[in-house]
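Engineer: One structure coming up, written as structure tokens, with questions to follow.
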Amino acid sequence: MSRAEYEACQTREEGAFRQAIEAIILKALESNMASVDFSAIVKDQWRAGNLDEIVDARVDIAVGEVRDETSWGSLIKSLGSKETAQQLATAVAERVYRSEAMKAGLEGLATGVAQDLGKRLELATSDATQPAIACLEAYLGPRYGRAVAGFVTSGEGADGQLAGDIGSANVTSADILKQSSGGITGVAILVLRRQMANLARRLGQRLVGTVLSRLVSTVAGGVGLVLIAKDIWDLRHGVLPIIADEMKSETTKEKVREELAVALREQIGEHVKDISAKAAEQVVEVWQTFRRAHAKVLELAESNERFKTYFNGLAAKQLARLDAVVALILAEEGESGIVRRLDDGTLDQAVSHLPTAAMEIAGAQRSLETGLKWQAVAGDRIDAVVVNEIYRRAKPEDFTSASLARLLAVGDRLAITRLASVSREARDALFELGSDDLKPLARSLADGELQTLAGYLTSLEPVPRQRVLKAVASEPGVMQLIAPERVRRAVLASRDQTAAVDMMLRPQGVLDPVAAYEDMVRAWNGRVAPLLVWEKHPVAVVLLGFGVLFVLLLLHRLLRPRRAGGNTGGDHGAGGKAPEPESGSATPQKA
1224 MSRAEYEACQ TREEGAFRQA IEAIILKALE SNMASVDFSA IVKDQWRAGN
1274 LDEIVDARVD IAVGEVRDET SWGSLIKSLG SKETAQQLAT AVAERVYRSE
1324 AMKAGLEGLA TGVAQDLGKR LELATSDATQ PAIACLEAYL GPRYGRAVAG
1374 FVTSGEGADG QLAGDIGSAN VTSADILKQS SGGITGVAIL VLRRQMANLA
1424 RRLGQRLVGT VLSRLVSTVA GGVGLVLIAK DIWDLRHGVL PIIADEMKSE
1474 TTKEKVREEL AVALREQIGE HVKDISAKAA EQVVEVWQTF RRAHAKVLEL
1524 AESNERFKTY FNGLAAKQLA RLDAVVALIL AEEGESGIVR RLDDGTLDQA
1574 VSHLPTAAME IAGAQRSLET GLKWQAVAGD RIDAVVVNEI YRRAKPEDFT
1624 SASLARLLAV GDRLAITRLA SVSREARDAL FELGSDDLKP LARSLADGEL
1674 QTLAGYLTSL EPVPRQRVLK AVASEPGVMQ LIAPERVRRA VLASRDQTAA
1724 VDMMLRPQGV LDPVAAYEDM VRAWNGRVAP LLVWEKHPVA VVLLGFGVLF
1774 VLLLLHRLLR PRRAGGNTGG DHGAGGKAPE PESGSATPQK A
């Protein structure tokens, strides 16, 4: 790369950078094209396509057609008339080179030439490798570091398949990153292949259209008015035999090949410029795609020298991880978190050493710190933490390495998930059960029931706690008896928790007077909470209530005092008066 070319690459404008890359690629391609022997390539393809036989056959057919269409007078006249002879030669040449067979032959020749040149140009693009990368480094290095040029052209992490058919000249940046192991050179090669595929399709048609008149003129003009000694019978065909011989001659065919070589050189030269321009556009598109994919990382590298140094020390395959880690840190801690984690080494730990499962946890929880903590606790069991979704139901602080191993040893995803949902203290209490008991217990109890059981285990005294564990482990259905929160509070509030637990777990029918009496005595003595009597013996309590109510009513009736009453007849007493008759009543008559 010349000094002028390097200085052209040291720009901050993408348009100027594209022009610089285009000039570098064009220079390499044109340098190679200058040494190409088009005449030799055309001759090889002419021979490979059997064009000699095609020309000879078409000449015979064309001469026969022209002879049949031309009068004897015109044929005889052509022996002495240059103008008539030229007209006949042109008519024959037109029919030969405009025939479908000849067009197909020329198109096949053009396709072969394009394929041959394509291979040569692919080799030529390798000459542009180093200067193109140096140009990219000059363009990106001052802002992001010299290693970025290698990142841009590495193709690590690119997805997508080649778009279009073999003749498509549209190459996406994903195609280039995916398929180009040669970086910038690969860009030119991919574009070159598609352009040459287009050229192979169109060149034959364009070749026929652009050089046909030149071919006709060349062939017809070479006939002249040279009269070869013929017998009288041959002269009846005029100059047509001479035209046929001239068109079939090697000299005329060589002139045709020379015209084809000139036309091909001109058209290939135009395509080389187009290839260079499109390749440069794709280089810029590759950079733009890279910039969009790693926008935040590049922004940090441009503004933070410390981060730029770290960024340029990574391998290209680590960029996707760096993007994810940076996004998590910025969202959780801001840009200051990047600097802090650079200092304490956790940024590099996350980028270079953190397993994929731990990063999955960090992404799901939107916290790199959470992912790091889970990795510290789980170690090589981190994949199991993800598979069983433990991280969704618990925090890493809820486990030690030993307790996590104990949880995973249960060996059942449903049981593990439910056990992970309870508190650390409750889980440790449940771990007192053997795996054979713990697994079916965790599978049988719903999340709420398991949490209630955990509440019992963390609050009960040792003896009643073991009683509950054994009862629920042997028959998970009994958990329904002690699951309500009011029952749990009453059991825990009882002075004799063992008696309260035995009372609630004891099986019985709808009405058991003896058991009800005994439990009521316990409640009367203050050993168990009275609420438990109602929960255990609702029918007995209701009947007792009615009995008590009846007794109270009876006592009330018996003990209620009589109301005092007055005289209703007899003496009225001294000075008393008889009662006045009612108003309106008849006065009694004497007899």
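Each residue of the sequence shown is one higher than the one before, starting from 1224 at the first, in my numbering.
Quick reminder that beta carbons are idealized off the backbone N, C-alpha and C, glycines included.
Measuring CB to CB, does residue 1627 end up less than 9 Å from residue 1613?
Structural biologist: Within the sequence shown, residue 1627 is the residue found at index 404, counting from 1. Within the sequence shown, residue 1613 is the residue found at index 390, counting from 1. Cβ distance < 9 Å, so residue 1627 and residue 1613 count as in contact.
Engineer: Leaving out the 5 sequence neighbours to the left and right, which residues in its chain are closer than 8 Å to residue 1722 when beta-carbon positions are compared?
Structural biologist: Working through the sequence shown from its first residue, we reach residue 1722 at position 499. If we look at residue 1722 and ignore the five residues flanking it on each side, its Cβ neighbours are 1745, 1750, 1751.
Engineer: Use the C-beta contact count for residue 1288: other C-beta atoms within 10 angstroms, 16 or more gives buried, fewer gives exposed.
Structural biologist: In the sequence shown, counting from the first residue as 1, residue 1288 sits at position 65. That one is exposed.
Engineer: In whole angstroms, what is the alpha-carbon distance linking residue 1523 and residue 1610?
Structural biologist: If you number the sequence shown from 1, residue 1523 lands on position 300. If you number the sequence shown from 1, residue 1610 lands on position 387. If you take the alpha carbons of residue 1523 and residue 1610, they lie about 34 Å apart.
Engineer: Under the three-state reduction of DSSP, which class applies to residue 1719: helix, strand or coil?
Structural biologist: Translated into the one-based positions of the sequence shown, residue 1719 becomes position 496. Residue 1719 falls in the coil class under three-state DSSP.
Engineer: Please list, in chain order, all residues of the same chain as residue 1275 whose beta carbon is under 8 Å from its beta carbon, the five residues on each side excluded.
Structural biologist: Residue numbering aside, residue 1275 sits at position 52 when the sequence shown is read from its first letter. Closer than 8 Å at Cβ, skipping near neighbours: 1269, 1476.
Engineer: Could you give the DSSP three-state label for residue 1535: helix, strand or coil?
Structural biologist: Position 312 of the sequence shown holds residue 1535. Of the three classes helix, strand and coil, the one that applies to residue 1535 here is helix, per DSSP.
Engineer: Residue range of the alpha helix (DSSP H) that residue 1362 falls in?
Structural biologist: On the sequence shown, position 139 is the one that residue 1362 refers to. It spans 1352 to 1367 - the alpha helix (DSSP H) in which residue 1362 sits, taken as one unbroken run.
Engineer: Go to residue 1513, then tell me how far its alpha helix (DSSP H) extends in each direction, as first and last residue.
Structural biologist: Taking the first residue of the sequence shown as 1, we reach residue 1513 at position 290. 1473 to 1516 is the span of the alpha helix (DSSP H), which, as asked, contains residue 1513.
Engineer: Would the beta-carbon of residue 1595 fall within 9 Å of that of residue 1573?
Structural biologist: Numbered from 1 along the sequence shown, position 372 holds the residue referred to as residue 1595. Numbered from 1 along the sequence shown, position 350 holds the residue referred to as residue 1573. Going by C-beta atoms, residue 1595 is nearer than 9 Å to residue 1573.
Engineer: How far does the alpha helix (DSSP H) with residue 1705 in it extend, from its first residue to its last?
Structural biologist: By 1-based counting over the sequence shown, the position of residue 1705 is 482. Taken as a continuous stretch (DSSP letters only), the alpha helix (DSSP H) holding residue 1705 covers 1702 to 1705.
Engineer: Cα-Cα, which of 1636, 1586, 1587 is closest to residue 1607?
Structural biologist: Working through the sequence shown from its first residue, we reach residue 1607 at position 384. Of the candidates 1636, 1586, 1587, the one whose C-alpha sits nearest the C-alpha of residue 1607 is 1636.
Engineer: If you draw a straight line from the alpha carbon of residue 1368 to that of residue 1555, how long is it in whole angstroms?
Structural biologist: In the sequence shown, the residue the question calls residue 1368 occupies position 145. In the sequence shown, the residue the question calls residue 1555 occupies position 332. Cα to Cα, the separation comes out at about 27 Å.
Engineer: Alpha carbons only, please: which of 1654, 1716, 1670 is nearest the one belonging to residue 1689?
Structural biologist: Mapped onto the sequence shown, residue 1689 falls at position 466. It is 1654.
Engineer: Give me, in chain order, the residues of the same chain whose beta-carbon lies closer than 8 Å to that of residue 1719; leave out the 5 immediate sequence neighbours on both sides.
Structural biologist: Your numbering for residue 1719 matches position 496 in the sequence shown. Cβ neighbours of residue 1719 beyond the five flanking positions: 1745, 1750, 1751.
Engineer: In the DSSP assignment, find the unbroken alpha helix (DSSP H) run with residue 1753 in it and report its ends.
Structural biologist: Residue 1753 sits at position 530 when you count from the first residue of the sequence shown. Counting along the chain, the alpha helix (DSSP H) containing residue 1753 begins and ends at 1753 to 1759.
Engineer: What is the DSSP secondary structure of residue 1224, counted as helix, strand or coil?
Structural biologist: To locate residue 1224, count along the sequence shown from 1; it is residue 1. Coil at residue 1224, not helix or strand.
Engineer: Just to confirm my understanding: we take residue 1695, look at its own chain, exclude 5 residues before and 5 after, and list those with CB closer than 8 Å. What are they?
Structural biologist: Position 472 of the sequence shown holds residue 1695. Excluding residues within five positions, the ones whose Cβ falls inside 8 Å are 1664, 1668, 1676, 1701, 1702.
Engineer: Drop a sphere of 10 angstroms on the beta-carbon of residue 1533, count the other beta-carbons inside from all chains shown, and report buried for 16 or more, exposed for fewer.
Structural biologist: Within the sequence shown, the letter at position 310 stands for residue 1533. Buried is the call here.
Engineer: By the 10 Å Cβ neighbour count, where 16 or more other Cβ atoms means buried, how is residue 1365 classified, buried or exposed?
Structural biologist: Translated into the one-based positions of the sequence shown, residue 1365 becomes position 142. Exposed, because fewer than 16 other Cβ atoms sit within 10 Å of the Cβ of residue 1365.
Engineer: Which parts of the region 1541 to 1601 are runs of the beta strand (DSSP E), unbroken and 3 residues or longer, counting only runs that do not cross its ends?
Structural biologist: Whole beta strand (DSSP E) segments, 3+ residues: zero.
Engineer: Could you tell me the distance, in whole angstroms, from the CA atom of residue 1564 to the CA atom of residue 1529?
Structural biologist: Within the sequence shown, the letter at position 341 stands for residue 1564. Within the sequence shown, the letter at position 306 stands for residue 1529. So the two alpha carbons sit approximately 12 Å from each other.
Engineer: Between residue 1726 and the rest of its own chain, which residues show a CB-CB distance below 8 Å, the 5 nearest in sequence each way excluded?
Structural biologist: Within the sequence shown, the letter at position 503 stands for residue 1726. Counting only Cβ-Cβ distances below 8 Å, and skipping sequence neighbours, we find 1742, 1745, 1751, 1755, 1759.
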